[in-house]
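One structure below.
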Amino acid sequence: MTRTLRLPTIPKELVGLTAQIALTIFVVELFLLMAMRTQQGAPASVIDHLWDAAFVTVVSAPLMYFWIVRPFVNAALAANAELQKVARTLDDALQAKSVQAEAHASALARLKLQRVILDRLAILSETDVRGTITEVNDNFCKISGYSRDELIGRTHSLVNSGLHPKSFWTEMFATMARGEVWQGDVRNRAKDGSYYWVHCINSAVRNADGKLKGYMSLRMDITEIKTIQAKLHDQNVKLDAALKHMSQGLVMFDDEQCLVMCNEQYAKMYGLPAQLCVPGTPLADVINNHVITDIYRDGMPADYLPERVAGIAHLKESVHALSNGNSIAVVRSPMPEGGWVSTHEDITHRLRLEDRITHLALHDGLTDLPNRTLLRDRLDHALAKLAPGDSVSVLYLDLDRFKQVNDTLGHAVGDALLKAVAERIRACIRKTDTVARIGGDEFIVVQVSADAIKDAAVLSERFIDELSAPYEVKGNTVSIGVSIGIAIAPRDGANQEQLLHNADLALYRSKASGRGTYHFYEPDMADRASEQASAA
């Protein structure tokens, strides 16, 4: 880039001054020359005088400039430059002062605006060093119920509710004495006796020398917040009591499968240590503890398998079998924001009761043998699943002389005798056989075998020998016998009604033959039974 050199600009005043000096020298020289020549008597024309004066002026003017004018001019220029520098400095200072004044004015305007806003929103008060109220705003009057005249000149003890101990206020003033801002929640009492809560921000006010002038307090009305907190506290207390005393275990996990909360019953139910009951505990840690303690009877439930645990929140119900024999019913409910809450109920007793009810519906209440309902079901099953070459034998047993024992020794002895008979029958049959009590002293045995006639005969002889042996019942020696009727399928019937009916007919023959024996069903037994019924 080419720069053009420029000579400094010569002030117009300097040019005029130089011209005046040159003109003055010229005039002086002209008169001096004319005077000198007049004295010498040397004739000279005016032109000569002018040329001589001009020559002298041309020669002397630069010398006069450099010796006299220039130092003076330089000094004047230097002084002028200094004056301009001072002027610029003053101008900069004035501008800075102007900017500072504008900033101060803006800050003051903001402070005024903030004061207006605080005055509208907050409860403000000022006191002197002794705590005497010197200023309050309208909000203070409104919330306390006191007028400004009633408050100014008094202390804040006027609105003291008496809730906070003396140490509370001592700590507050000690904090402000250290130059710190004190914050806290205070319950005050209004003029009408009602209570209100405020959050206080209190600070000491000092002058420029650091001397204490008083105190300023900014308060926010938090009565509604405190009311809500109190209600929430009461609800939490009730909830904690409910969770503690509820018979079910309750647990909640968030959308990241981390524990939100659980009650004591849940922790006790699964033997969880305290560190695993802390909010934030991952479900994976809880499951891992189940694995370590081997808490499940049949291995890890399907709910907690890796491929299903991701969607566990949507698995509604399941039952977990624990290694201690208990059964836990788990019911889950997804939460709108993610995660789930689940109840864990120990249904061991209920399941056992249901099993007992089911068992009693299908078994004899005295001997615990299958009853007529379960007998029919098993007999139908045996007939339906009968393999080629196999037969189903139905043995109808009726105790001999049982009525005599029951009538003479009483029902208690009779019931005990029936239990003993049931045990002896169980001891005689195979695990695949079925024995049922269908009446007072009547029993049915169902047996499946390839050689039904032989096996039924052998079993009948065993029954007669075992059941005829004496019994010791409640201090009594009792002897009874048994008569047996036998029907075999498919020879003697294709369904349970026919088989039971024909076995009953064969039993009737045994009774008629003197008891203590057994007979197989024969077709003519039905005809004889009909004839006897007609004759009767």
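Numbering (our numbering) for the sequence shown: 676 to 1211.
We treat Cβ as the ideally placed atom computed from N, Cα and C, and that holds for glycine.
Notebook entry, point to check: In chain order, which beta strand (DSSP E) runs of at least 3 residues are fully inside the segment 974-1013?
Noted result: 992-996, 1002-1009
Next item on the list: Please go through the segment 851-938 and give each complete alpha helix (DSSP H) segment of 4 or more residues, from N-terminal end onward.
Entry: Counting only runs of 4 or more, we get 898-920.
Checklist line | Test: Pro1009 CB closer than 9 Å to a CB of chain B | finding: In the structure shown, chain B does not exist; there is a single protein chain.
Checklist line | Backbone secondary structure at Ile1022 - three-state DSSP | finding: coil
Next item on the list: Could you check the C-alpha separation between Ile1100 and Ile1113 for me, to the nearest Å?
Entry: 14 Å
Note to self: Tell me which residues share the same chain as Val1088 and place their Cβ nearer than 7 Å to its Cβ, disregarding the 5 neighbours each side in the sequence.
What the structure shows: Val1080, Val1148, Lys1149, Asn1151
Notebook entry, point to check: What whole-angstrom Cβ distance do Gly1064 and Ala1125 have, given they're in contact under 8 Å?
Noted result: 6 Å
Item checked: Span separating the alpha-carbon of His839 from that of Val861 -> Approximately 8 Å between the Cα atoms of the pair.
Notebook entry, point to check: How long is the line joining the alpha carbons of Ala797 and Arg894, rounded to whole angstroms?
Noted result: 6 Å
Item checked: 6 Å Cβ shell around Glu992 - same chain, five flanking residues per side excluded -> Val1006
Note to self: With a threshold of 7 Å on Cβ separation, who are the neighbours of Ser836 within its own chain once the five nearest residues in sequence on each side are excluded?
What the structure shows: Arg862, Asn863, Arg864, Tyr870
Check: Can the beta-carbon of Leu980 be found less than 9 Å from the beta-carbon of Gly955?
Finding: no
Check: Taking the continuous alpha helix (DSSP H) assigned at Ile962, which residues delimit it?
Finding: 958-968
Checklist line | Length of the line joining the Cα atoms of Ser773 and Ser781 | finding: 12 Å
Margin query: Taking 9 Å as the threshold (C-beta atoms), are Ala1102 and Glu670 in contact?
Written below: As shown, the chain starts at 676 and ends at 1211. That puts residue 670 outside it, with no answer to give.
Item checked: Cβ-Cβ distance between Val984 and Ile967 below 9 Å -> For the 9 Å CB-CB criterion, Val984 and Ile967 do not form a contact.
Next item on the list: Can you say whether Gly924 is buried or exposed, counting buried as having 16 or more other CB atoms within 10 angstroms of its CB?
Entry: buried
Next item on the list: Counting only runs of 4+ residues fully inside the segment 770-854, write out the alpha helix (DSSP H) ranges in chain order.
Entry: 813-819, 823-826, 841-852
Check: So is Val1133 buried or exposed if we call it buried at 16+ other beta carbons inside 10 Å?
Finding: exposed
Note to self: Suppose the cutoff is 8 Å on Cβ atoms and the five residues either side in sequence are ignored; what does the same chain contact list for Cys816 look like?
What the structure shows: Ser822, Arg823, Leu826
Check: Taking the alpha-carbon positions, what's the Val912 to Leu958 distance?
Finding: 27 Å
Checklist line | Residues bridged to Arg1112 [DSSP beta-bridge criterion] | finding: Phe1118
Next item on the list: Closer than 8 Å by C-beta to Asp1179: which residues in its own chain qualify, once you throw out the five before and the five after it? Chain order, please.
Entry: Tyr1071, Gly1160
Check: Which term fits Val856, buried or exposed, when burial requires 16 or more other beta carbons within 10 angstroms of its beta carbon?
Finding: exposed
Notebook entry, point to check: How many Å lie between Arg1190 and Asp1075 at the Cα?
Noted result: Roughly 7 Å separates the two Cα atoms.
Notebook entry, point to check: Which residue from Ala1059, Val1110, Glu1012 puts its Cα closest to that of Thr1042?
Noted result: Residue Val1110 is the option with its Cα nearest to Thr1042.
Notebook entry, point to check: What do you reckon, are the CB atoms on Leu947 and Met891 nearer than 9 Å?
Noted result: Taking 9 Å as the Cβ cut-off, Leu947 and Met891 do not qualify as a contacting pair.
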